[in-house]
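Each remark here refers to the structure printed beneath this line.
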Amino acid sequence: MAPETAEALKANGNKFFQQQRSTQQFQKAADDCRKAAEIDRNSVKAFYFWGTAAVQLGGYDEAIKLLTKANELAIGQKVSFGDEIHNQMRLARREKFRQKEDKRIAQEIELQSYLNRLIEADLEQKLKELNLNSKSSDSESEKFSSEDGPSTSQMPGEGEDFESDIRKEAITQETVNYKKMLNELFMQVDDRRRRRELPDYLCGKISFELLRDPVITPSGITYDKADIKEHLQKVGHFDPITRTPLSEDQLIPNLAMKEVMEHFLAQNEWAEYDELLDDAGR
Numbered sequence: 001m002a003p004e005t006a007e008a009l010k011a012n013g014n015k016f017f018q019q020q021r022s023t024q025q026f027q028k029a030a031d032d033c034r035k036a037a038e039i040d041r042n043s044v045k046a047f048y049f050w051g052t053a054a055v056q057l058g059g060y061d062e063a064i065k066l067l068t069k070a071n072e073l074a075i076g077q078k079v080s081f082g083d084e085i086h087n088q089m090r091l092a093r094r095e096k097f098r099q100k101e102d103k104r105i106a107q108e109i110e111l112q113s114y115l116n117r118l119i120e121a122d123l124e125q126k127l128k129e130l131n132l133n134s135k136s137s138d139s140e141s142e143k144f145s146s147e148d149g150p151s152t153s154q155m156p157g158e159g160e161d162f163e164s165d166i167r168k169e170a171i172t173q174e175t176v177n178y179k180k181m182l183n184e185l186f187m188q189v190d191d192r193r194r195r196r197e198l199p200d201y202l203c204g205k206i207s208f209e210l211l212r213d214p215v216i217t218p219s220g221i222t223y224d225k226a227d228i229k230e231h232l233q234k235v236g237h238f239d240p241i242t243r244t245p246l247s248e249d250q251l252i253p254n255l256a257m258k259e260v261m262e263h264f265l266a267q268n269e270w271a272e273y274d275e276l277l278d279d280a281g282r
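For the sequence shown, counting from 1, position 210 maps to 210 in the UniProt record's numbering; every step adds exactly one.
Rendered as structure tokens:
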């Protein structure tokens, strides 16, 4: 490919992406950005817009990798993208989480329906057995009644029928109670799920993961301690967001944020466990 074509692709990456987005042709936009990235592996824009297109196409794992690459390049080249890369990364992670949640919801609905069917089948089986026992008892009563002569106080099987009706009512009510308990349990799970949302302020600015050990810089930006230390050691002694000079001894534990984070995790254990599952799945 001619050098002028390569330069044109890189220079017009933003224009190409906007045109593709306006016509909802995100696949074409992704292809254009991929070509630009192949030409220049250090193009922040190519990886950023490629990752953004991947989000729109539902390729969240790919989007996270591409946006992480764009963020690393931006930091290394000291190019400021503001919060654009961070916002797209959070969007990709959030949509990935929601995709997994949709799958969980479908599985839970299927499980709930299956368990309700089992309860109904159990009721039918118990009523069937009760009817068989009742008929057998009636037959025995009629046999003894015919041998001993008719009774004027009670018709054959009348007492057994009354007892059978009581047992049927008890079994049916038990089934109603079981189904109510089951459905209430699933409603509680659904209610807890609806409240699941990992706030952006609890996510690190570098790894985009849940903050573990928050520290604050003189610029007022909070990072996870491990992430910012790695940045200072491998990339340079500057704040990744503000680009101002920064050294490790300037990092101060953000105790207020740590308290907020611990309170959130105490009320939302899923947040920490989901992060661990997320790491295991990568």
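Beta carbons are placed, not taken as given, at the ideal position from N, Cα and C, and that holds for glycine.
#### Entry: Distance, Asn177 Cα to Ile166 Cα
The residue labelled residue 166 in the question sits at position 166 within the sequence shown. The residue labelled residue 177 in the question sits at position 177 within the sequence shown. About 16 Å.
If distances are taken between C-alpha atoms only, which option among Phe208, Gln107, Cys203 comes closest to Val260? The sequence position of residue 260 within the sequence shown is 260, counting from 1. Ranking the options by Cα distance to Val260, first place goes to Cys203.
If Pro218 sits next to Met257, beta carbons under 8 Å apart, how far is it from one beta carbon to the other, in whole angstroms?
Here residue 218 corresponds to residue number 218 of the sequence shown, with the count starting at 1. Here residue 257 corresponds to residue number 257 of the sequence shown, with the count starting at 1. The C-beta separation of Pro218 from Met257 comes to about 16 Å, leaving the pair out of contact by the 8 Å criterion.
message: Would you call the stretch 82–99 in contact with the stretch 64–73, where contact means no fewer than 3 C-beta pairs closer than 8 Å?
response: Using a C-beta cut-off of 8 Å, the stretch 82–99 makes contact with the stretch 64–73, since at least three inter-stretch Cβ pairs fall below that distance.
For Asp239, three-class secondary structure by DSSP: On the sequence shown, position 239 is the one that residue 239 refers to. Correct three-state label for Asp239: coil.
Using the Cβ count rule (16 or more neighbours within 10 Å means buried), how would you classify Asn254?
Looking up residue 254 in the sequence shown gives position 254. Asn254 is buried by the Cβ-count criterion.
- Identify, in the order they occur along the chain, each residue of the same chain with its Cβ nearer than 8 Å to the Cβ of Glu110, setting aside the five sequence neighbours on each side. Taking the first residue of the sequence shown as position 1, residue 110 is located at position 110. There are no such residues.
Q. Relative to the alpha-carbon of Glu95, which residue among Thr175, Gln188, Tyr60 has its alpha-carbon at the smallest distance?
A. As a position in the sequence shown, residue 95 is number 95, starting the count at 1. Glu95 has its Cα closest to that of Tyr60, out of Thr175, Gln188, Tyr60.
Check: Taking Cβ positions, are Asp224 and Leu232 nearer each other than 7 Å?
Finding: Numbered from 1 along the sequence shown, position 224 holds the residue referred to as residue 224. Numbered from 1 along the sequence shown, position 232 holds the residue referred to as residue 232. For Asp224 and Leu232, no; Cβs fall outside 7 Å.
Around the C-beta of Leu198, are 16 or more other C-beta atoms found within 10 angstroms, so that it is buried, or is it exposed?
Along the sequence shown, read from residue 1 onward, the residue named residue 198 stands at position 198. Burial call: buried.
Item to complete: With a threshold of 16 other CB atoms inside 10 Å of the CB of Leu276, please say whether the residue is buried or exposed.
Response: Taking the sequence shown and counting its residues from 1, one reaches residue 276 at position 276. Note on Leu276: pLDDT 40, under 50, position unreliable in the model; the coordinate value appears next. Taking all protein chains shown into account, Leu276 has fewer than 16 neighbouring C-beta atoms within 10 Å of its C-beta and is therefore exposed.
Have a look at Ser43, Glu72, Trp50, Tyr48 and flag the residue whose alpha-carbon is nearest the alpha-carbon of Ile241.
-> Taking the first residue of the sequence shown as position 1, residue 241 is located at position 241. Answer by Cα proximity: Glu72.
Counted within 10 angstroms of its Cβ, other Cβ atoms place Met155 as buried (16 or more) or exposed: Counted from its first residue, the sequence shown places residue 155 at position 155. In this prediction, Met155 has a pLDDT of 49, which is less than 50 and means its spatial position is unreliable; what the coordinates show is noted afterwards. So Met155 ends up on the exposed side.
Between the C-alpha atoms of Tyr114 and Asp227, what's the straight-line distance to the nearest angstrom?
Your numbering for residue 114 matches position 114 in the sequence shown. Your numbering for residue 227 matches position 227 in the sequence shown. Roughly 46 Å between the two C-alpha positions.
Next item on the list: Drop a sphere of 10 angstroms on the beta-carbon of Tyr201, count the other beta-carbons inside from all chains shown, and report buried for 16 or more, exposed for fewer.
Entry: Numbered from its first residue, the sequence shown carries residue 201 at position 201. The residue in question, Tyr201, is exposed, as its Cβ has fewer than 16 Cβ neighbours within 10 Å.
Q | As assigned by DSSP and simplified to three states, the class of Asn268 | A | As a working mapping, residue 268 is identified with position 268 in the sequence shown. The answer is coil: DSSP assigns Asn268 none of H, G, I, E or B.
From Thr152 to Lys128, what distance separates their C-alpha atoms?
By 1-based counting over the sequence shown, the position of residue 152 is 152. By 1-based counting over the sequence shown, the position of residue 128 is 128. Confidence at Thr152 is low in this model, with a pLDDT of 48, below 50, so the placement of that residue should be treated as unreliable; the coordinate-derived value is given next. Distance from the CA atom of Thr152 to the CA atom of Lys128, rounded to whole angstroms, is 31 Å.
(message) Check this for me: beta carbons of Ile75 and Val235, under 7 Å apart or not?
(response) Here residue 75 refers to the residue found at position 75 of the sequence shown. Here residue 235 refers to the residue found at position 235 of the sequence shown. Going by C-beta atoms, Ile75 is nearer than 7 Å to Val235.
Report the start-end ranges of each alpha helix (DSSP H) in the stretch 160–248 that is 4 residues or longer and not cut off at the edges.
With a minimum length of 4 residues, the continuous alpha helix (DSSP H) runs that stay inside the stretch 160–248 are 225–234.
query: What do you reckon, are the CB atoms on Leu57 and Phe97 nearer than 7 Å?
result: By 1-based counting over the sequence shown, the position of residue 57 is 57. By 1-based counting over the sequence shown, the position of residue 97 is 97. In this structure, Leu57 lies away from Phe97, with their beta-carbon atoms at least 7 Å apart.
Open item on the list: In the DSSP output, which residue or residues are listed as bridge partners for Ile252?
Closed with: Walking along the sequence shown from the start, residue 252 turns up at place 252. Paired residues: Ile216.
- [ ] Measuring alpha carbon to alpha carbon, tell me which of Gln112, Lys229, Ile252 ends up nearest Ile216.
- [x] Here residue 216 refers to the residue found at position 216 of the sequence shown. Looking only at Gln112, Lys229, Ile252, the smallest Cα-Cα distance to Ile216 is reached by Ile252.
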